[in-house]
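Report on the structure given below.
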Amino acid sequence: MKHKKGLAATLALCVSLTAGGASVFAFSDVTDEGQKNIVDSLKSKGVVSGVTADLFRPDQALSEPQGVQLIVKAFGLKNEYAAASAQNKISPDTWYADAVQAATQNGLSIPVELNPQGKMTREQFVILLHEGINTTGNYPVIMKYNFVKDENKIGKDAISAVQNLLNMNIIELDKDGNFRPDQSLTRMEAASMIFNALEFVDRHGNGGSAEPAPETPGEGQQAIVPEVTTTKVDDKTTKVKLTAEMPHPGYGLKIDDVKLEKDGRAIVLYSIVQPDPDMMYPMVITEVTAETDIPAGYTAEVQPSGK
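At position 108 of the sequence shown the residue is numbered 108 (UniProt numbering), and the sequence of numbers has no breaks.
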């Protein structure tokens, strides 16, 4: 009997971040007024709750299952096939199996295994957050490249998510301009990102802006950041290749200019080539490329040209 009570207490702690039912009283350990407003708003929507009736534990690290559960709760993702087994290697008997099923069915990048005690990294969370937002529709996003000091530490699959969420004002860099992708995030950090995301959806989604959301890259749908590869041509020349994925083969990628900086950087300015409006294209994700040469010894970086 004691074992069952202990197990119940452990499960209650694991799911407490996203359990429903909110108290009208503020948490005693959330003292910042801005953070109080965020937590109270999410609590009233059933997105978050405390680890106890009085404590939110804002500085506690978010676990991997809690992160998935939080995204599912925030965006109302449903498990339409409740009787189906959970994703590979995740037992259907675990408390987070339903959330994993719901996330997977809605196209979120859920790993084959989740570590119940594992801490979710900032990179893992923003990928899921970005995908969660995308389940609610298309939104206008400024095509702006943000300089991230530790971008070389961000995985290729996360670059677009980081850039988009920065342009949406949903996430922010630290005071030194770093994203810190490998660091775990706290319950308060996750709550703040979710709060900003829901505000963005409310402002620009079906119940928000009356303006239709752009549906094409280059008109604001996505801050597409091409992958950059370089190849030595000879002792004086380096070839730079930009690669990006587009919604269909009507789109292209164009290099508009290259700026050689005194610090050894070659800023490659690119733009998205729009499809011919009189043509019909199959809706197949297509890889597009563009190439240019730069002097040997320069380090290539990409930025949208704004054209």
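Even glycine gets a Cβ: it sits at the ideal position worked out from N, Cα and C.
Which of helix, strand or coil DSSP assigns to residue i
| i | result |
| --- | --- |
| Gln303 | strand |
| Tyr40 | The residue asked about is misnamed: residue 40 is Asp in this sequence, not Tyr. Helix, per DSSP. |
| Gly132 | helix |
| Arg57 | coil |
| Thr293 | Thr is not the amino acid found at residue 293; the sequence shown has Asp there. Reduced to three states, the DSSP call for Asp293 is strand. |
| Tyr298 | coil |
| Met193 | helix |
| Lys156 | helix |
| Asp257 | strand |
| Glu188 | Residue identity differs from the one stated: residue 188 is Met in this sequence, not Glu. Three-state result, Met188: helix. |
| Ala22 | In this prediction, Ala22 has a pLDDT of 39, which is less than 50 and means its spatial position is unreliable; what the coordinates show is noted afterwards. Here Ala22 sits in coil by DSSP. |
| Ile242 | Going by the sequence as given, residue 242 is Leu instead of Ile. In the structure shown, Leu242 sits in a strand (DSSP, three-state: E or B). |
Contact check, residue i vs residue j, beta carbons under 9 Å
| i | j | result |
| --- | --- | --- |
| Phe179 | Glu199 | no |
| Lys73 | Gly46 | yes |
| Leu166 | Val148 | yes |
| Thr292 | Val240 | yes |
| Ile133 | Ile170 | yes |
| Ile285 | His248 | yes |
| Glu131 | Ala102 | no |
| Leu62 | Lys119 | yes |
| His301 | Ala244 | Correcting the residue type first, residue 301 is Glu in the shown sequence and not His. Against a cut-off of 9 Å, the Cβ pair of Ala244 and Glu301 comes out as no contact. |
| Gln105 | Glu80 | yes |
| Ala296 | Asp235 | yes |
| Gly264 | Thr299 | yes |
Local Cβ density within 10 Å of residue i, reported as buried at 16 or more and exposed below that
| i | result |
| --- | --- |
| Thr289 | exposed |
| Ala86 | Annotation note: pLDDT 47 at Ala86 (below 50); position unreliable, coordinate value reported separately. Ala86 comes out buried. |
| Pro275 | buried |
| Ser91 | exposed |
| Glu261 | exposed |
| Met168 | buried |
| Pro304 | buried |
| Val233 | exposed |
| Met246 | buried |
Inter-residue CB distance, residue i and residue j (contact presumed, cutoff 8 Å)
| i | j | result |
| --- | --- | --- |
| Pro65 | Gln35 | At roughly 23 Å, the Cβ-Cβ gap does not stay under 8 Å, so Pro65 and Gln35 are not in contact. |
| Thr69 | Arg122 | According to the sequence shown, residue 69 is Gln rather than Thr. With a Cβ gap of about 17 Å, Gln69 and Arg122 do not count as contacting. |
| Lys153 | Pro181 | 5 Å |
| Arg187 | Phe56 | 7 Å |
Residue i at chain B interface by Cβ criterion, 9 Å
| i | result |
| --- | --- |
| Thr231 | Checking the listed chains, one finds no chain B in this structure; it contains a single protein chain. |
The stretch 265-285 / the stretch 107-123 touching (three or more Cβ pairs under 8 Å): Per the Cβ contact rule, the stretch 265-285 is not in contact with the stretch 107-123 (fewer than 3 Cβ pairs under 8 Å).
Three or more C-beta pairs under 8 Å: does that hold for the stretch 92-106 against the stretch 30-48? No, the stretch 92-106 does not touch the stretch 30-48.
Sufficient close CB pairs (3 or more, under 8 Å) joining the stretch 47-67 to the stretch 182-197: Yes, the stretch 47-67 is in contact with the stretch 182-197.
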